[in-house]
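Visitor: Pasting a structure below so you can have a look.
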Amino acid sequence: MKYLAVMLLCAGAAFSLAPRTMSYQGVLRDAAGGPVADGKYYMTFRLYCAATGDTAIWWMSDSVTVVNGIFNTILRQLWPAFDTTYYLEIAMGSDTLRPRQQLTSTPYSLKASNAERVNSIEASRTAEPMKLLALDDQGKFPFSVIPADTGKDGLDLPFADSAGGGVNALTITHGGTANVGAFYLRNATGAGSAVFASSNGIGASIDGRATGTGRAGHFQVLNASNNRPAVDAYTTGTGQAGWFGVNNASNSGPALEGTTNGTGSALKATNTGTGRAGEFNGNVHITGTLTKTYGTSTFNISPVAFGIIDENGVIKKGSPNVVSCVYDTTDREFEVAFSGLTYNASDFITSVTCIGTFYTIPNTAGYFTTTGSENGKLRVQIATPSDGGYIPGKRPFSFIIYQP
């Protein structure tokens with residue numbers, strides 16, 4: 292287990308003129324207290340709002356060169372606002388170095404927090420023309436400018452109807468590799484959304500498009516005890532609550548896919564009205580079994596085997612587990628064998644249908660079939676009417692087997 296002795300040298304501030312990077316230098320020592328061997332070490336850096344626990348709000352992984360135990364690195368794309376206390380955690384492989392390091396003020400932020408003039412514009416405690424509005428001792432705007440509990444938004448666009456027609460009220464362009472925007476709701480009891488969008492027009496409230504190789508939308512729940520869905524869609528209108536489509540003839544992927552590694556269903560549909568819970572137009576493929584609930588019990592309703600056999604015992608068509616069929620001339624019965632299925636007549640529901648009409652006798656019509664089992668195989672006997680009785684013989688038939 293390695294441990295870390297670190298010294299923070301310099302950090303970029305969160306203001307417009309300061310770089311959004313932070314220089315970090317540290318010393319790596321082994322369990323005996325000596326410097327680790329020279330080389331490259333893969334490190335992961337994470338920022339937290341607490342000294343222990345919590346969820347990382349920023350992270351970066353990099354291969355860092357270590358010489359005589361000393362390493363230097365640049366933490367890049369720091370999107371947090373740096374308006375509160377942060378703690379840096381470092382991990383090397385499976386080893387997480389403790390404790391987390393509290394970040395302190397940096398040259399950029401110290402200068403920015405004490406700036407009194409910007410481009411010859413003086414700071415002011417009240418809103419006046421050509422004067423910067425100073426923050427109060429809590430680092431916030433004075434209440435005289437943004438009153439509390441008025442129900443008004445802090446930022447309302449467009450400003451005085453300055454944007455209209457086909458012009459965006461707000462456009463942000465980013466050429467880097469981090470997020471264009473990051474929104475955080477830091478209130479465990481807050482019922483609001485980190486992002487809220489509303490439209491009373493015919494367009495979408497939120498429109499996500501990807502022209503690259505990434506996703507148009509990505510949603511995650513990172514709390515193991517959270518039983519809420521990652522995406523919740525509902526409508527009070529007459530359209531679908533969700534619609535998924537593929538508009539690419541060469542795309543062989545599904546329009547909608549659900550997977551799970553738990554004990555629940557990958558997809559579930561419930562209808563409490565008079566309509567169907569599911570409707571499919573086209574062919575349906577199922578790997579596995581279909582079950583149906585009768586009262587309080589659930590049973591399998593998908594066939595486990597089926598086939599069409601001609602009068603000589605040749606399998607014309609059938610499920611892959613139907614491997615052979617022979618006609619027993621002694622008992623005058625067909626014997627069907629399966630792979631992966633041990634057939635016992637008392638454990639399965641079996642339907643056998645004789646194919647074709649074979650005899651026409653005055654006042655006597657039809658045939659009858661009997662099924663049984665022996666040595667894990669299905670036994671089928673087909674008898675046809677003859678002179679007031681029935682004679683077993685060779686006849687083509689089809690069968691289907693269910694396992695309740």
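For the sequence shown, my numbering assigns the number 292 to the initial residue and increments by one for each residue that follows. Cβ atoms here follow ideal geometry from the backbone N, Cα and C, with glycine treated the same way. Predicted model only: the values in this text are computed from it and were never measured.
(1) Mind reading off the beta-carbon distance from Thr580 to Ser593? Whole number of angstroms is fine, and I expect it under 8 Å.
(2) Could you spell out where the beta strand (DSSP E) holding Val282 opens and where it closes?
(3) Is the beta carbon of Phe629 sitting closer than 8 Å to the one on Asn603?
(4) Mapping DSSP to helix, strand and coil, what is Thr675?
(5) Counting only the same chain and skipping the five closest in sequence on each side, list residues whose C-beta sits under 8 Å from that of Tyr681.
(6) Helix, strand or coil for Tyr650 per DSSP?
(7) Using a Cβ-Cβ cut-off of 6 Å (strictly less than) and excluding sequence neighbours within five positions of Phe649, which residues of its own chain qualify?
(8) My output table needs one value for Leu382: the three-state DSSP class, helix, strand or coil.
(9) Could you confirm whether any beta carbon from chain D is found closer than 8 Å to the beta carbon of Asn562?
(10) So, do the region 320-331 and the region 365-380 have three or more beta carbon pairs nearer to each other than 8 Å?
(11) Could you tell me whether the Cβ atoms of Arg686 and Cys645 are closer together than 8 Å?
(12) Have a look at Gln531 and Ala501 and give me their C-alpha separation to the nearest angstrom.
(13) Would you kindly work out how many angstroms separate the C-alpha atoms of Ala741 and Gly549, rounded to a whole number?
(14) May I ask which residues mark the beginning and end of the beta strand (DSSP E) holding Ile354?
(15) Buried or exposed: Lys282, going by 16 or more other Cβ atoms within 10 Å of its Cβ?
(16) When the Cα atoms are used, what is the spatial distance from Asp622 to Ile691?
(17) Quick one: residues in its chain with C-beta nearer than 7 Å to the C-beta of Asn642, no 5 flanking neighbours on either side, listed in chain order?
(18) Rounded to whole angstroms, what's the CA-CA distance from Thr655 to Pro683? Just pull it up for me.
(19) By Cβ distance, which residues of its chain are closer than 8 Å to Tyr618, with the 5 residues on each side in sequence left out?
(20) Residues bridged to Leu366 by DSSP?
(21) Can you tell me the Cα-Cα spacing of Thr563 and Gly384, whole angstroms?
(22) Answer with buried or exposed for Ile600, where buried requires no fewer than 16 other C-beta atoms within 10 angstroms of its C-beta.
(23) Let me check understanding here. Comparing Cα to Cα, which of Tyr693, Gly528, Ser543 lies closest to Asn591?
(24) Hey, how far is the Cα of Tyr585 from the Cα of Asn518?
(25) Which same chain residues, not among the five before or five after Ser496, have their C-beta less than 8 Å away from its C-beta?
(26) Using three-state DSSP, classify Pro683 as helix, strand or coil.
(27) Helix or strand or just coil, what does DSSP make of Ala479?
(28) Tell me, please, which residues DSSP counts as bridged to Lys583.
(29) My assumption, with CB atoms under 8 Å, is that Leu547 sits in contact with Val595. Please give the rounded CB distance.
(30) For Ala636, which residues from the same chain have a beta carbon less than 7 Å from its beta carbon, with the 5 sequence-adjacent residues on both sides left out?
(31) What do you get for Arg391, buried or exposed, if any count of 16 or more other CB atoms within 10 angstroms of its CB means buried?
(32) Taking only the alpha-carbon atoms, compute the straight-line gap between Lys607 and Ser615 and give it to the nearest angstrom.
Guide: Quick answer:
(1) Counting from 1 along the sequence shown, the entry for residue 580 is found at position 289. Counting from 1 along the sequence shown, the entry for residue 593 is found at position 302. Yes, they are in contact, since the Cβ atoms of Thr580 and Ser593 sit about 5 Å apart, within 8 Å.
(2) It is not possible to answer for residue 282, since the shown part of the chain is limited to 292 through 695.
(3) Counted from its first residue, the sequence shown places residue 629 at position 338. Counted from its first residue, the sequence shown places residue 603 at position 312. Cβ distance not < 8 Å, so Phe629 and Asn603 don't count as in contact.
(4) Here residue 675 corresponds to residue number 384 of the sequence shown, with the count starting at 1. It is a strand residue.
(5) For the purposes of this step, residue 681 is taken as residue 390 along the sequence shown, with counting starting at 1. Non-local C-beta neighbours of Tyr681 in its own chain, meaning closer than 8 Å and more than five positions away in sequence, comprise Tyr658, Phe659, Ala674, Thr675, ordered along the chain.
(6) Taking the first residue of the sequence shown as position 1, residue 650 is located at position 359. A caution first: Tyr650 carries a pLDDT of 42, below 50, which makes its placement in the model too unreliable to give a value.
(7) As a working note, residue 649 is residue 358 in the sequence shown. In this predicted model, Phe649 has a pLDDT of only 44, less than 50, meaning its place in the structure is not dependable enough to derive any value.
(8) Residue 382 sits at position 91 when you count from the first residue of the sequence shown. Reading off the sequence, residue 382 comes out as Ala, not Leu. Three-state result, Ala382: strand.
(9) Here there is only one protein chain, and chain D is not present.
(10) The region 320-331 vs the region 365-380: no contact.
(11) Within the sequence shown, numbered from 1, the residue matching residue 686 stands at position 395. Within the sequence shown, numbered from 1, the residue matching residue 645 stands at position 354. Cβ distance < 8 Å, so Arg686 and Cys645 count as in contact.
(12) Position 240 of the sequence shown, counted from the start, is the residue given in the question as residue 531. Position 210 of the sequence shown, counted from the start, is the residue given in the question as residue 501. Just so you know, the alpha carbons of Gln531 and Ala501 end up roughly 23 Å apart.
(13) Residue numbering for the chain in the displayed model covers 292 to 695; residue 741 lies beyond these limits and cannot be assessed.
(14) Start at 1 with the first residue of the sequence shown, and residue 354 comes out as number 63. The sequence shown places Ser at residue 354, rather than the Ile named in the question. From DSSP, the beta strand (DSSP E) with Ser354 extends over 349-358.
(15) Residue numbering for the chain in the displayed model covers 292 to 695; residue 282 lies beyond these limits and cannot be assessed.
(16) Locating residue 622 in the sequence shown gives position 331, counting from the first residue. Locating residue 691 in the sequence shown gives position 400, counting from the first residue. If I take the Cα positions, the gap works out to 22 Å.
(17) Stepping through the sequence shown from its first residue, residue 642 is reached at position 351. What sits at residue 642 in the sequence shown is Ser, not Asn. So the qualifying residues of the chain are Phe690, Ile691.
(18) Looking up residue 655 in the sequence shown gives position 364. Looking up residue 683 in the sequence shown gives position 392. Residue placement at Thr655 is flagged as unreliable, the pLDDT there being 42, under the threshold of 50; the coordinate-derived value follows with that caveat. Each residue's alpha carbon lies about 16 Å from the other.
(19) For the purposes of this step, residue 618 is taken as the residue at position 327 of the sequence shown. Cβ within range, chain order: Asn603, Gly604, Glu624, Phe625, Glu626, Lys685.
(20) Position 75 of the sequence shown, counting from 1, holds the residue named residue 366. Leu366 is bridged to Met313.
(21) Mapped onto the sequence shown, residue 563 falls at position 272. Mapped onto the sequence shown, residue 384 falls at position 93. So the alpha carbons of these two residues sit roughly 50 Å apart.
(22) For this step, residue 600 is matched to residue 309 along the sequence shown. Ile600 comes out buried.
(23) Within the sequence shown, the letter at position 300 stands for residue 591. Comparing Cα-Cα distances from Asn591 to each of Tyr693, Gly528, Ser543, the minimum goes to Tyr693.
(24) Counting from one through the sequence shown, the residue named residue 585 turns up at place 294. Counting from one through the sequence shown, the residue named residue 518 turns up at place 227. Spanning the two alpha carbons is a distance of roughly 29 Å.
(25) Within the sequence shown, residue 496 is the residue found at index 205, counting from 1. Excluding residues within five positions, the ones whose Cβ falls inside 8 Å are Ala488, Ser489, Ser490.
(26) Taking the sequence shown and counting its residues from 1, one reaches residue 683 at position 392. Pro683: strand per DSSP, three-state reduction.
(27) Translated into the one-based positions of the sequence shown, residue 479 becomes position 188. In the structure shown, Ala479 falls within a coil segment according to DSSP collapsed to helix, strand and coil.
(28) Within the sequence shown, the letter at position 292 stands for residue 583. Beta-bridge pairing links Lys583 to Phe590.
(29) Looking up residue 547 in the sequence shown gives position 256. Looking up residue 595 in the sequence shown gives position 304. Rounded, the Cβ-Cβ distance is 28 Å, inconsistent with contact.
(30) Counting from 1 along the sequence shown, the entry for residue 636 is found at position 345. By the criterion of a C-beta distance shorter than 7 Å, Ala636 is surrounded in its chain by Thr662, Gly663, Ser664, once the five residues flanking it on both sides are discounted.
(31) By one-based count along the sequence shown, residue 391 stands at place 100. The residue in question, Arg391, is buried, as its Cβ has 16 or more Cβ neighbours within 10 Å.
(32) Along the sequence shown, one-based indexing puts residue 607 at 316. Along the sequence shown, one-based indexing puts residue 615 at 324. Approximately 11 Å, taken between the alpha carbons.
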